[in-house]
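> Each step along the sequence shown adds one to the number in the numbering used here, with nothing skipped, and position 206 is 198. A virtual CB, placed ideally from N, CA and C, is assigned to each residue, including glycine. Being a predicted model, the structure only gives us computed values, none of them experimental.
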Amino acid sequence: MQMSLRRTLLFSSTLLNLRTASTTRMGSTMSSKQEDAGLMEGYRAWKAMGEGGTSHTWAGYMSQLSAEKTMAFPADDTIKHGFYDKPEKLATGWRRATEEQRANARRAFLKEPLPVRPGPRARAKPFVYPQRERNAADPQDPEVKRTYLEAFNMLGEMNGQFTEWKTSALEKHGQALFTKRSIPLTPLAGPTSREICHIHGTDLSGHVTLSFKDAEEVISKGWGERHRLSGTDWIHLGYTMLYVPNTVAETEVFIKIFQAGIDYMKSG
């Protein structure tokens, strides 16, 4: 009787362990499937933004996921105030910069304070790169697009003594304005390979390298946000995303911001 009871308990214990292991495997399998589904959903959302920053493939998507886990700032940090208060801690090249170059990084190149942008605040999509506000298939106002791109192209002519057009080093395609080799380059801008600014053909958002003072102004007034790699060894601390213009009038504000970036970068 005692032996029979022991056998029964042993059998019950073994059965329980088998059921527990089976349940664990099922739970692990379900968890894995959920993770895979989430990964694919993220990939489709990432692909919808269009090309930029890396290859438009699964490998490109995984590389930005890796950057998010290893070096990027959190998405919410890109609109926080006071981020530029201590550039000596975050700005690549700060120790090598001269006092004049440091002073230029801290002063304003915008000719006047920006207005507060009306309406709800725009935000970049939750990916490290490419950094975009909207999907490539989202509609664009043709008049806004024409006016904006014409004015942007004019910046090259107006600043031709200091700038030149080349394929964006950061986006890997599309035209961008760079400072000419004859212009001294601040060590703070070393990672961006002299690139000043560009507009994304996919959604009309853009990027510009600004002084810290101007970057703070742009962000605080609702016209843009930091790149999540700004302040790393990859990108200038003042590298800033500009949102998509909603009206022709807004394109004028964005062009003024681009010009401030040009004036900062040509200051050496």
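Determine, using beta carbons only, whether Thr155 and Thr243 come nearer to each other than 8 Å.
No, the pair does not count as a contact, with Cβ atoms beyond the cut-off.
> Which of the three DSSP states is assigned to Leu234 in this structure?
strand
> Tell me whether Ser14 sits in a helix, a strand or coil according to DSSP, three-state version.
In this prediction, Ser14 scores a pLDDT of 41, lower than 50, which makes its location untrustworthy; no coordinate-derived value is stated.
> Tell me, please, which residues DSSP counts as bridged to Val108.
Per DSSP, none; premise fails for Val108.
> Under a three-way DSSP split, which group does Thr46 fall into?
strand
> Within 10 angstroms of the Cβ of His228, are there 16 or more other Cβ atoms? Answer buried if so, exposed if not.
buried
> Go through its chain and collect everything with a Cβ distance to Tyr35's Cβ below 6 Å, but skip five positions before and after it.
Tyr53
> For the pair the stretch 175 to 188 and the stretch 49 to 63, tell me if three or more CB-CB distances fall below 8 Å.
no
> Between Ile254, Ala40, Ala116, Leu180, which lies nearest to Lys81 when the distance is taken from Cα to Cα?
Leu180
> Is the beta carbon of Thr232 less than 8 Å from the beta carbon of His199?
Contact: yes.
> May I have the straight-line CA-CA distance separating Met211 from Pro112, to the nearest angstrom?
According to the sequence displayed, residue 211 carries Ile and not Met. One C-alpha to the other measures close to 14 Å.
> So, with DSSP's three-state summary, where would you put Arg88?
coil
> How far does the beta strand (DSSP E) with Arg218 in it reach, from first residue to last?
Segment 216 to 218, the beta strand (DSSP E) holding Arg218.
> Just to confirm before moving on: does the CB-CB distance between Val236 and Arg126 stay below 8 Å?
yes
> For a test of the three-state rule: what should DSSP assign to Thr159, helix, strand or coil?
Looking at Thr159 - three-state DSSP - the assignment turns out to be strand.
> Please classify Ser160 as buried or exposed, where buried requires at least 16 other C-beta atoms within 10 Å of its C-beta.
buried
> How would you label Arg98, buried or exposed, when you count the other beta carbons within 10 angstroms and need 16 or more for buried?
exposed
> In the DSSP output, what is Gln167 paired with across the bridge?
Thr159
> Please report the straight-line C-alpha distance between Met150 and Tyr256, rounded to a whole angstrom.
Using only the alpha carbons, I get a separation of about 15 Å.
> Looking only at its chain, what residues have a beta carbon closer than 8 Å to the beta carbon of Ile71, apart from the 5 residues adjacent to it on each side?
Arg113, Arg115, Ile211, Glu217, Arg218
> Can you have a look at Gln153 and say buried or exposed, based on whether 16 or more other CB atoms are within 10 angstroms of its CB?
exposed
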